[in-house]
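Residue numbers (our numbering): 7 to 175.
Note that beta-carbon positions come from the ideal geometry of N, C-alpha and C, so glycine has one too.
One structure below.
This is the structure we're talking about:
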């Protein structure tokens, strides 16, 4: 999905620098295990800084065993999925066992994560199985996407839960 607009950094004096047009850049969703070690360590260092566990870049990169140059190389290009899911619509495909109350329990789990249901499509159960596609506004989601998917998969009647798509409004 192509990006839109420009990106840059604002200095302490309020000046915009490192301006870059991102209109033609492409973005990809990849699993963590295929990222390079430097990318994974950059994400961890950013998390430490964001959570206040470390107060300087130097301390964060030292703690995770990463060079500062590698951190600066990746810091503006690698992001956890949950941080770019803001103001997004997420579509999830689920395969469910046909049990009484299963859809209500599924929607309760969605509501607990503060997701807003935009659409629901459920097939007629065949041989005790039904498919459900949920389109969710995840702007207010209170947990990370991976934790949310795990919560869905832990429901006894959920056989699978997969992200089909995510995108901006």
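TODO: Rounded to whole angstroms, what's the CA-CA distance from residue 156 to residue 112? Just pull it up for me.
DONE: Taking the straight line from one Cα to the other gives about 12 Å.
Open item on the list: Whole angstroms are fine: how far does the CA of residue 121 sit from the CA of residue 97?
Closed with: For residue 97 and residue 121, the distance between alpha carbons rounds to 12 Å.
Open item on the list: Per DSSP, what are the beta-bridge partners of residue 101 in this structure?
Closed with: In the DSSP secondary-structure assignment, residue 101 is bridged to 137, 166.
Task: Boundaries (first-last residue) of the alpha helix (DSSP H) holding residue 57 - done: Judged by DSSP secondary structure, residue 57 falls outside any alpha helix (DSSP H); it is assigned neither H nor E.
Task: Beta-carbon spacing of residue 170, residue 99 below 7 Å - done: Cβ atoms of residue 170 and residue 99: closer than 7 Å.
TODO: Give a yes or no on whether the C-beta atoms belonging to residue 102 and residue 163 are separated by under 7 Å.
DONE: Taking 7 Å as the cut-off, the Cβ atoms of residue 102 and residue 163 count as close.
Task: Through-space distance from residue 133 to residue 81, alpha-carbon basis - done: The straight-line gap separating the alpha-carbon atoms of residue 81 and residue 133 is approximately 49 Å.
Open item on the list: For residue 129, which residues in the same chain have their Cβ closer than 7 Å to its Cβ, ignoring the five residues on either side in sequence?
Closed with: Taken in chain order, the residues that qualify are 136, 137.
TODO: Return yes when the Cβ of residue 159 is within less than 7 Å of the Cβ of residue 167, no when it is not.
DONE: In this structure, residue 167 lies near residue 159, with their beta-carbon atoms less than 7 Å apart.
Open item on the list: By alpha-carbon positions, which one of 118, 59, 54, 140 ends up nearest to residue 125?
Closed with: Here the closest residue by C-alpha is 140.
Open item on the list: Less than 7 Å between the C-beta atoms of residue 131 and residue 104, yes or no?
Closed with: The answer is yes: Cβ separation under 7 Å.
TODO: Would you mind reading off the limits of the alpha helix (DSSP H) that contains residue 115?
DONE: It spans 108–118 - the alpha helix (DSSP H) in which residue 115 sits, taken as one unbroken run.
Open item on the list: At the level of alpha carbons, what is the spacing between residue 110 and residue 127?
Closed with: So the alpha carbons of these two residues sit roughly 14 Å apart.
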